[in-house]
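See below for the structure under consideration.
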Amino acid sequence: MDRDNGPHARVPEQRAPRQRSAYGVDLRFSVLGPVRAWRDGEALSSGSPQQRALLAALLLRGGRTATAAELIDAIWGDEPPSQALATIRTYASRLRKVLDPQTLVSDAGGYAIRAGQDAVDVHVVRDLAAEAEKARAGGDRFQARDLLNKALGLWDGEALASVPGPYAENQRTRLEEWRLQLTESRLDLDLEVGCHAEAVSELTALTAAHPLRERLRELLMIALYRSGRQAEALAVYADTRRLLADELGVDPRPELAQLQQRILRADEELARPADEPAPAPAPVRPAQLPATVPDFTGRASFVRELGARLATAEGSVMAVSALAGIGGVGKTTLAVHVAHQARQHFPDGQLYVDLQGAGARAAEPETVLGAFLRALGTADSAIPDSLDERAALYRSTLDGRRILVLLDNAHDAAQVRPLLPGTAGCAALITSRVRMVDLAGSHLVDLDVMSPEEALQLFTRIAGEERVSAEREAALDVVAACGFLPLAIRIAASRLSARRTWTVSVLAAKLADGRRRLDELQAGDLAVKATFELGYGQLEPAQARAFRLLGLADGPDISLTAAAALLDLEAHAAEDLLEALVDTSLLESAAPGRYRYHDLVRLYARACAERDEEPAERESALSRLLDFYLATAAGVYALERPGDRTVAHLEPTGYKGLTFTRHEHALDWLYSEANSLLACAQQSTAAGTIRRSVDLLLACKDLAESGANSRQFESVATVLRDAAAVAGDPRSEARARTTLAQVHSTAGRFDQADEEARKAMWLAPSTDDVWTHCNAPNEVGIIAGYRNRLDEAEALLQQTIAAFRADANQPGEASALCNLSRVHLAIGHTTSAVELASEGVALYNRMGLTLRLANGRYALGLALARAGRQEEAQDRLSEALSVFRDSRQRLWEGMTLFRLAEVHLDAGRSAQAAGLAEQALAVLLHVGGEWRRANVLTVLGKALQRIGQADRAKVCWQDALSVFDQLKSPEAEAVSRLLHPASASRKS
């Protein structure tokens, strides 16, 4: 086996079915990279470079025969050896032995490879590209993008790598151009589907590699513009115009110049606004239907969906659609509106009945059938007495007619079944608070609340354009307080309309008080609370208890396992109750295994709990929920950081949590529960729960560093800090302040971080809390290092190392060693910095850690880079990057990309450095703070300047300087010298 085909060579992805030779083996070939062959996944020897050139020439002919003369010309061109023909035959014979005689065949004095199209990677790419083009033409841009990504993923470096000969050289050029065209098409799709921020990094690297390719520059300008970086987009044009003039003596093509003008004008079309839905057709006059409301608003997608279903009644199948949703969501309003619009499809009439399904006494089907039969012209004397006979006569009367039946406010499917028409040409439209999953053949529609835009439009139509326009923000507060529920919005707007002395702000203030909100939402005979009471009154006792207690939790939703803990039930029993509440539309199924209340329903459920549950039971329910979150989060923390003693210092819990064996499942739980568990911590500030709430923050610190939940995490930490201070609990206050210091430091707010960490250190002596004694000085030391107070930083981190060692906390000790390594780097002690980081990495390795080992490798990478060991630094940082990505540590992923950019820049690989810096900017968009972003922009500017994009480099430095000046950071001076090198030279 030759060196080009080692045992670990990548086998390109294959598209089924596999190509098998006549001997029943699976043969695969690759030319989009080194020329290679595989049999049943095992790499085969492809011989000398000239032999690989022969194989490549045959593979690229797609099964067509190549004559000996053509092959000689392909391999040697105008200077073939004297024994060229014999050499060709020798190469062919060797390849035939490696492959098999039925694959490489002799034909008409030449040779051909008989292999299926999916056996050669270049043909697979061609098919994928064709499928992508079809998908794009059909409007499926996401599918087209995925197909192109698969196609581009089949390249493994330079095509025909190390293959000699003029034919290979020509094909290399052709394949590289094809690759660029596919890349441009995929990037174009990236921009169409909104991935502009992610595209900037790749486009930056590509424009550096292909500076004269104007299409790439055009795509980069669009991506930057859509990412809010207008100045950089214009700078790209300036760089391009100067480069083309210098290199080719030409101006940019007209499309590029037109794009520059559109950016200068801030052309809104570049933002690609979503297509507005087509206006709903005007309602038509009904027969027996109730009048539609004159201010019907929104619901365009549901109107189209239901209208299309009703239109099918003209065919061969009776159409039945059942709308379900909570009281007040607008089911009847929508159904009546749709029925009016569908009148043209039912020229023989429309029937309507309110089935009173939400009340104490639902309408009897026999009574309804009698009324329907009379409306259809049946004499009273002809109407039979029994339900079955009336239903049979009803269906017979409808036969051959086209009638629409609107069954409003149904109790359940049993009430509805006798009322359904039985023939084609008719249709039934049903509304109910219950999802009629047992109504065979029905089209189920779950109606949700309005969008904010629809809600504001409805409010405006009722309250008046003039009043709402003058106080738009207050109006948005009103519809939000109404939970975007149509009934609540209608009541609020009607109250405002009837009180000419009120302003919208007055109404918003009244609705701001959650405890009074339901009482405020009453007007005449309309009341939101009364609507909810109808549903609540029909619940069984266990369902009613679940409804009340679930309303106590503050989170936006709740998982099944968390709900089971709150209710003190097994998961299967809790699920039965929750699904029953979903069926009654008092609870929503947010996703499989997750549930949520509408905001106003939650207020009602909480009011019921305060009225019907003892205070001790309410407190116990929330305490169980807090225990569940803390126990599970502690397990996740221990799984991610084995050996870390933090878990040993947490408050004990009285309710067990979930356990995980795989870290990706643990992280899935943590991030899916983030909003709910943080809300639980924030509402648990009483003396009996404050310690567990603070410890919950310690256990889920990953949420602060990921960026996705950092703001909410900070808000909760602030609330708990203040609550602990009021409660006189120095242990909890010190822990909360240390945690808050970590949050501020992550966001680059070092002054605030320093203040919180120092106060935690001040509180530490008044507690026996080992955790605070270890972590508070660690935070102060880290911040002192950032602020160049290096002697203080070194002393504090030495103190921290001693504290972690006393607690037998080896991961903590390793972390502090790595932090101390960075301080030594800043002092200039490079050798000891490498030694300290290596000591930390060795500790992590001995414990078999993963995430914390990545932190160690990050620190070691920095030290190695400063020591001039660039390749080792790149290896360590790359290893850390992979772990940070797998662990969803967005802050550290972004910072590692930044450090890799620095390493590549120092090594003279400026294009790669620019690409990595762009990736770092994209990752750090919502985490890390402005100070870190400015540092990345500084490095990006240096890389851009070196690849000839000077104008864009200046924009990056100007942005960085603005941040550093605002923060009064010492880095401002260095960036200023980059922007004004001439004045810096004069000063020196």
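The opening position of the sequence shown corresponds to residue 144 in the numbering used here, with each subsequent residue numbered one higher. Cβ atoms here follow ideal geometry from the backbone N, Cα and C, with glycine treated the same way.
| Item | Value |
| --- | --- |
| Residue span of the alpha helix (DSSP H) that contains Thr-383, given as start and end | 373 to 390 |
| Burial state of Ala-425 (16 or more Cβ within 10 Å) | Since pLDDT at Ala-425 reaches only 30, below the 50 mark, its modelled position is unreliable, and the value read off the structure follows with that caveat. It is exposed - the Cβ of Ala-425 has fewer than 16 other Cβ atoms within 10 Å. |
| Within 9 Å, strictly: CB atoms of Ala-759 and Gly-778 | no |
| Trp-645 in three-state terms, based on DSSP | coil |
| Cut-off 8 Å between Cβ atoms - residues of its own chain near Glu-1073, not counting five sequence neighbours on either side | Gly-891, Val-1106, Gln-1109, Leu-1110 |
| Rounded C-alpha distance that separates Ala-423 from Arg-447 | Because Ala-423 sits at a pLDDT of 36, beneath the cut-off of 50, its placement in the model cannot be relied upon, and the point is left open. |
| Length of the line joining the Cα atoms of Asp-697 and Tyr-740 | 10 Å |
| Bridge-paired residues (DSSP) for Val-393 | According to DSSP, Val-393 bridges with nothing at all. |
| Where the beta strand (DSSP E) through Gln-493 begins and ends | 493 to 497 |
| C-beta contact flag for Met-593 and Ile-632 at 9 Å | yes |
| DSSP-derived helix/strand/coil call for Ser-594 | coil |
| Whole-angstrom distance between Asp-382 and Pro-1124, CA atom to CA atom | 19 Å |
| Short Cβ contact (9 Å threshold) for Arg-257 with Gly-206 | yes |
| Cβ pair Thr-690, Leu-664 closer than 9 Å | Note that residue 690 is Phe in the sequence shown here, rather than Thr. No, the Cβ-Cβ distance between Phe-690 and Leu-664 is not below 9 Å. |
| Start-end ranges of the alpha helix (DSSP H) lying completely within the segment 691 to 734, minimum 4 residues | 703 to 710, 714 to 726 |
| Three-state secondary structure (DSSP) of Leu-746 | helix |
| Own chain partners of Val-336 with C-beta closer than 7 Å, once the 5 adjacent residues on each side are dropped | Arg-284, Phe-285, Arg-288 |
| Exposed unless 16 or more other CB atoms sit within 10 angstroms - verdict on Val-744 | buried |
| Burial state of Arg-1000, where buried means 16 or more other Cβ atoms lie within 10 Å | buried |
| Supposed contact pair Pro-629 and Leu-601 - C-beta distance, whole angstroms, cut 8 Å | 7 Å |
| Rounded separation between Ala-159 and Leu-303 - CA only | Summary for Ala-159: the model assigns pLDDT 35, below 50, so the residue's position carries little reliability; its value from the coordinates is reported in the next sentence. So the alpha carbons of these two residues sit roughly 25 Å apart. |
| Inter-stretch contact at 8 Å, needing at least 3 Cβ pairs: the segment 169 to 187 / the segment 219 to 230 | no |
| Top-ranked residue by Cα proximity to Val-1082, from Trp-812, Gly-1051, Ala-534 | Gly-1051 |
| Close Cβ partners of Leu-703 (< 8 Å) along its chain, the five nearest in sequence each way excluded | Ala-714, Ala-717, Glu-718, Leu-721, Gly-736, Arg-737, Tyr-738 |
| Start-end ranges of the beta strand (DSSP E) lying completely within the segment 302 to 343, minimum 3 residues | none |
| Supposed close pair Ile-926, Ala-900 - CB separation, criterion 8 Å | 6 Å |
| Leu-377 beta carbon less than 9 Å from that of Leu-407 | yes |
| Enclosing beta strand (DSSP E) for Thr-574 [first to last residue] | 570 to 575 |
| Short Cβ contact (9 Å threshold) for Ala-567 with Leu-547 | no |
| N- and C-terminal bounds of the alpha helix (DSSP H) containing Glu-914 | Position check: residue 914 holds Trp in this sequence, whereas Glu was assumed. From DSSP, the alpha helix (DSSP H) with Trp-914 extends over 913 to 929. |
| Close Cβ partners of Ala-505 (< 7 Å) along its chain, the five nearest in sequence each way excluded | Leu-498, Gln-499, His-554, Gln-558 |
| Alpha-carbon to alpha-carbon, Ala-465 and Ser-585 | 7 Å |
| Cβ neighbours of Gln-373 in the same chain (closer than 7 Å, five flanking residues each side left out) | Ile-406 |
| For Ala-1006 and Leu-986, believed in contact at Cβ under 8 Å, the rounded distance | About 16 Å separates the two Cβ atoms, so there is no contact after all. |
| Rounded distance between the beta-carbons of Ser-640 and Ala-606, thought under 8 Å | 5 Å |
| Whole-angstrom distance between Gly-694 and Ala-342, CA atom to CA atom | 43 Å |
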